[in-house]
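Residue numbers (the numbering used here): 13 to 82.
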């Protein structure tokens, strides 16, 4: 599932920045990509399972990670 970042835009074009989670053993890898499919894709980090109490908190952390593109 792709989620639109509320503030950030693609660093390579004026497109919307989207993010998705990829499950890994430690938690979730956060991947950002361009909504216009200009080709921009970047993995910015991992959210550790032990760092959150509820899965919805992943979105809060992903939005914070995406601020580097805002």
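Even glycine gets a Cβ: it sits at the ideal position worked out from N, Cα and C. Being a predicted model, the structure only gives us computed values, none of them experimental.
Collapsed DSSP secondary structure at residue i in the structure displayed
{"i": "residue 44", "result": "strand"}
{"i": "residue 17", "result": "strand"}
{"i": "residue 35", "result": "strand"}
{"i": "residue 55", "result": "strand"}
{"i": "residue 28", "result": "strand"}
CB contact flag (residue i, residue j, <9 angstroms)
{"i": "residue 63", "j": "residue 79", "result": "no"}
{"i": "residue 75", "j": "residue 55", "result": "no"}
{"i": "residue 77", "j": "residue 44", "result": "yes"}
{"i": "residue 23", "j": "residue 52", "result": "yes"}
C-alpha gap between residue i and residue j, whole angstroms
{"i": "residue 65", "j": "residue 39", "result": "12 angstroms"}
{"i": "residue 46", "j": "residue 20", "result": "10 angstroms"}
{"i": "residue 18", "j": "residue 28", "result": "9 angstroms"}
{"i": "residue 50", "j": "residue 70", "result": "26 angstroms"}
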